[in-house]
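According to this note's numbering, the sequence shown is numbered sequentially starting from 2. Note that beta-carbon positions come from the ideal geometry of N, C-alpha and C, so glycine has one too. What you are looking at is a predicted structure, and each value in this text was computed from that prediction instead of being measured. Report on the structure given below.
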Amino acid sequence: MKQLLVLLLFLCSINIMAQDVIVKKDGSTVVCRVIEVTASEITYKKWGDLNGSSFIIDKSLVS
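Next up, the structure:
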């Protein structure tokens with residue numbers, strides 16, 4: 002039984018992909034994949050288009 006539970010958890014975790022949410026100071030959110038975080042900027046790709054363009058947002062705009 003214990004082995005079956007471990008196997009099921011393993012198989013379920015294969016398809017899980019993490020996503021990030023950036024919350025801006027104005028209350029809006031961006032569902033994305035964060036690529037890079039520097040001292041002043043966050044580089045990300047929009048979740049619906051991970052193969053598309055990268056976007057940069059200034060950290061001062063993020064809460």
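*Identify whether D59 lies in helix, strand or coil by the three-state DSSP scheme.*
It is a strand residue.
*Nearest neighbour of D21, chosen from C13, L12, V31 [CA to CA]*: Considering only alpha carbons, the answer is V31.
_Rounded to whole angstroms, what is the Cα-Cα separation between D50 and E37?_
For D50 and E37, the distance between alpha carbons rounds to 17 Å.
*Since I believe E42 is in contact with I57 (beta carbons under 8 Å), could you give me their beta-carbon distance rounded to a whole number of angstroms?*
For I57 against E42, the beta-carbon gap comes to about 5 Å, under 8 Å, which counts as contact.
*asked:* Quick check: what's the CA-CA separation for W48 versus S55?
replied: If you take the alpha carbons of W48 and S55, they lie about 11 Å apart.
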